[in-house]
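Notes follow the structure.
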Amino acid sequence: MSDVSINSAIREDEASFGDFFALLKPRVMTLVVFTAFVGLLAAPVPVHPMVGFCAILFIALGGGASGALNMWWDADIDSVMKRTRKRPIPSGKVTGSDALAIGLALSALSVTMLTLATNPMAGAMLAFTIFFYVVVYSMWLKRLTPQNIVIGGAAGAFPPVIGWLAATGTMAVEPWLMFALVFMWTPPHFWALALFMRSDYDDAGVPMLTVTHGRRATRQHILVYTVLLSVLALGAAFTAIGGPIYLATSVVVNLMFLRGALRIWRRDEDASEADNFAVERAFFRLSLWYLFVHFGAILIEALLRPYGLGGWG
1 MSDVSINSAI
11 REDEASFGDF
21 FALLKPRVMT
31 LVVFTAFVGL
41 LAAPVPVHPM
51 VGFCAILFIA
61 LGGGASGALN
71 MWWDADIDSV
81 MKRTRKRPIP
91 SGKVTGSDAL
101 AIGLALSALS
111 VTMLTLATNP
121 MAGAMLAFTI
131 FFYVVVYSMW
141 LKRLTPQNIV
151 IGGAAGAFPP
161 VIGWLAATGT
171 MAVEPWLMFA
181 LVFMWTPPHF
191 WALALFMRSD
201 YDDAGVPMLT
211 VTHGRRATRQ
221 HILVYTVLLS
231 VLALGAAFTA
241 IGGPIYLATS
251 VVVNLMFLRG
261 ALRIWRRDED
271 ASEADNFAVE
281 RAFFRLSLWY
291 LFVHFGAILI
301 EALLRPYGLG
311 GWG
């Protein structure tokens with residue numbers, strides 16, 4: 001092989017910036033940033049733009065740190081699952097030790113800087129969130145119980161609480177309502193994914209509900225959680241974070257979500273895989289923007305409130 005060919009092969013194996021960035025799970029980070037941003041602006045305390053920018057930046061870095069540490073720990077099962085085998089570590093672009101180092105460094109940096117930029121309570125909550133996602137969910141629950149995503153879903157629900165704390169430094173009911181929205185949304189969202197990606201979890205030996213209890217039980221769980229989520233989402237309209245805009249938005253979206261859950265629940269086990277796949281995938285896609293729409297409505301209510309237009313007046 002010529003020197004040019006050897007150098008070319010080496011370059012192809014080297015990790016690019018994009019590979020390292022992929023460790024941070026940018027898609028998940030988008031949800032983390034947005035819900036934290038809404039929590040920050042929905043708080044009753046005005047935040048200086050620079051403080052707010054720093055808060056969101058360091059919360060995003062904390063979310064990215066969690067993603068990197070999760071990929072480090074789950075590299076063995078990621079290499080088996082079709083959905084994850086192209087991630088940086090299974091594909092050989094990034095080593096596990098590099099991912100661990102990046103995750104730990106970003107964890108320390110994000111928690112320290114958020115504490116300095118805002119307040120110790122926000123920093124402590126970010127530290128707890130990283131710990132919960134990496135240790136409680138990834139290392140403990142994910143491979144232990146079919147309720148992994150239910151309890152572990154709390155990790156993804158903390159960002160609006162962190163955003164609120166960054167603005168106020170105090171606890172309140174409102175951020176925990178936003179937490180509850182994300183927490184109750186997580187199970188039907190991931191169970192819908194598991195329905196049409198079941199072979200992945202079978203192959204990896206992850207005790208997802210579809211593997212341990214079957215498709216029928218999973219569909220029943222999706223319906224139950226969707227009903228509970230809809231009640232919670234509509235009830236939030238009559239709290240301090242809600243208002244008429246949020247209520248109208250939530251009614252429409254939850255009717256669509258309930259319709260999708262009912263379609264999944266009514267699926268015939270003898271129906272073709274293609275039919276089941278289409279229904280389950282449609283519900284999953286709907287779930288992808290469910291939270292963005294609800295938190296977008298909360299944000300609009302918060303932005304209008306200083307002008308006497310948001311909330312119930």
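Under the UniProt record's numbering, the final residue of the sequence shown carries the number 313; numbering is consecutive throughout.
Built from N, CA and C at the ideal position, the CB exists for glycine as well.
Item: Between the alpha carbons of residue 222 and residue 65, how many angstroms are there, rounded?; Value: 30 Å
Item: If you follow the alpha helix (DSSP H) that residue 40 is in, where does it begin and where does it stop?; Value: 26 to 42
Item: Let me make sure I understand the geometry here. Which of 310, 302, 156 and 228 has the alpha-carbon closest to that of residue 43?; Value: 302
Item: Please give me, in chain order, every unbroken run of the alpha helix (DSSP H) with length at least 4 that falls completely inside the segment 211 to 283.; Value: 214 to 235 and 244 to 265
Item: Can you grab the Cα-Cα spacing for the pair residue 208 / residue 184, in whole Å?; Value: 17 Å
Item: For residue 162, which three-state DSSP category applies?; Value: helix
Item: In angstroms, rounded to a whole number, what distance separates the CA positions of residue 285 and residue 189?; Value: 9 Å
Item: Which ranges would you report for the alpha helix (DSSP H) in the segment 107 to 158 if only whole runs of at least 4 residues count?; Value: 120 to 131, 148 to 152 and 154 to 157
Item: Contact check, residue 151 vs residue 39 under 8 Å by CB: the rounded distance?; Value: Going by Cβ atoms, the distance from residue 151 to residue 39 rounds to 21 Å, so no, they are not a contact pair.
Item: Considering only the alpha carbon of each residue, which of 293, 87 and 265 lies closest to residue 280?; Value: 265
Item: Do residue 293 and residue 159 have their C-beta atoms within less than 8 Å of each other?; Value: no
Item: Would you mind sorting residue 170 into buried or exposed? The rule is 16 or more other CB atoms within 10 Å of its CB.; Value: exposed
Item: Report buried or exposed for residue 257, applying the criterion of at least 16 other Cβ atoms within 10 angstroms of its Cβ.; Value: buried
Item: Tell me which same chain residues have a C-beta within less than 6 Å of the C-beta of residue 263, skipping the five on either side of it?; Value: 279
Item: For the segment 247 to 256 and the segment 199 to 207, state whether three or more C-beta atom pairs, one from each stretch, are separated by less than 8 Å.; Value: no
Item: Under three-state DSSP, which class holds residue 12?; Value: Because residue 12 carries a pLDDT of 44, less than 50, the predicted location of this residue cannot be relied on, and the following value inherits that uncertainty. Here residue 12 sits in helix by DSSP.
Item: Would you say residue 59 and residue 104 are within 8 Å of each other, going by their C-beta atoms?; Value: no
Item: So what does DSSP say about residue 312, is it helix, strand or coil?; Value: coil
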